[in-house]
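To keep things clear, I will list the structure first and then write my remarks on it.
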Amino acid sequence: MAGVQIFKKNSELRDWRLKAVGSVGFVPTMGALHAGHAALIERSVAENDLTVVSVFVNPMQFGPAEDLGRYPRPWEKDEALCRLKGAATLYWPEPSDIYPPFFSSQVEVLGVGDHWCGRSRPGHFIGVSTVVLKLLMRVKPNRLYLGQKDAQQAAIITKMVADLDLGTEVVVCPTVRELDGLALSSRNQYLTAKEREIAPGLHRALRLCAKGVQTGLIKDSKAIGQLFQEHLSSSSPWRLDYFGVADPVTMQPVELIDKPVRLMAAAFLGTTRLIDNEAANPRI
C-alpha cells in the first residue's frame, strides 16, 4: 500500500489516532517480519477499516545474555511488507520514545507466566506485558492480533487485557509453518544449514505426543514427557530447555490429562532457541 504512514513518535501516532475513522486492528511486532506476521496483518486488514503495525525491538524483554544486539533489523524489508499487505500505519518508535528518562514502571501478570518460558527467561514477560500495554494505550485498537506460536505470551496478554478492562478484542491466529512443519520465527535465520534440516523435529515430536494424548492411550504428563524426549533425542543434537503439559488458558502445569491441553516445548539447536506448542485433546 503506497499510502502507508510511518510514525516514529508517540505524538504523531496520537494525532493520527484522534482523526482515524472506523475500526482499528493492531499487530505488534519486533520486526524481521515473515509470512507469519504477514498472515496477522492480512487478517487485521480483512477485519478492520485500518491496521496499525508496530516494529519495536523491545530491550525490556531481553535478558543480559540474550540476543538483543544481534536481533535482525531489516527495516526496509519490514516497511515493504507492511505496504504490500495493506497496513495503514507503521509505528516505528525509538527506545527513548517508549521508555523516556526515569521510566520506572512495570506490568506483571501473575500466575500465567510462572512456568515454561517464564521460568526459563526471568523477567521476559514483564517486558512483554509492559510494552504491549504501552502500545495498546497509544494505538487504542478495537482488535489485537497475536500468533499462536507464542502461546504463553498470547495467554498473558489476553489475561492482561481482560483484567485491566482495556476493551480490546484479542484475536489469536494459527501458527504459520514452513512446508516441513517448522514454525516461522525471526530467529530461524540464525540456524545453520544443518540445523535447519533438524529443526522440524521439534514440531514432529510435539505432534506425535499430541496423537498419543488424542488416542487416550497416554493420560499422564510424565509419560508424555518421556515420549517427547525419546522422539526429540532421535533428532540430535537438541538441547532441551523445557517440555510440559499446560492448561491452555492459565498456562499452569497439568498432571492428569483429562481435558484439552497445550503441549509446550523449547529447545536449543546450537545457540538458537526454538519454541513451539501443539493442542492435544484427549478422548474422554
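Using numbering that gives the first Met the number 0, the final residue of the sequence shown is 283, and nothing's skipped along the way.
Backbone N, C-alpha and C fix where the C-beta goes; we use that ideal spot for every residue, glycine too.
{"query": "Residue from R142, R261, T167, N57 with nearest C-alpha to N47", "result": "R142"}
{"query": "Endpoints, the alpha helix (DSSP H) within which F227 is located", "result": "220 to 232"}
{"query": "Outcome for S184 when other beta-carbon atoms lying within 10 angstroms are tallied against a minimum of 16", "result": "buried"}
{"query": "Short Cβ contact (7 Å threshold) for A79 with L49", "result": "no"}
{"query": "Endpoints, the beta strand (DSSP E) within which L89 is located", "result": "88 to 90"}
{"query": "Coil, strand or helix - F25 by DSSP", "result": "strand"}
{"query": "Classification of S232 by the beta-carbon crowding that lies within 10 angstroms, buried from 16 upward", "result": "exposed"}
{"query": "Beta-carbon contacts of A37 that lie in its chain and below 7 Å, excluding the five residues immediately before and after", "result": "L80, K84"}
{"query": "Chain-order list of residues whose beta-carbon lies under 7 Å from that of E140 (same chain, five-residue window excluded)", "result": "Looking at the sequence shown, residue 140 is not Glu but Pro. Once the five neighbours on either side are set aside, the close Cβ partners of P140 are V23, G24, F25, V51, T167."}
{"query": "C-beta atoms of A86 and V169 nearer than 7 Å", "result": "no"}
{"query": "Proximal residues to P173 (C-beta, below 6 Å), its chain only, five neighbours per side dropped", "result": "Q147"}
{"query": "Three-state secondary structure (DSSP) of T271", "result": "strand"}
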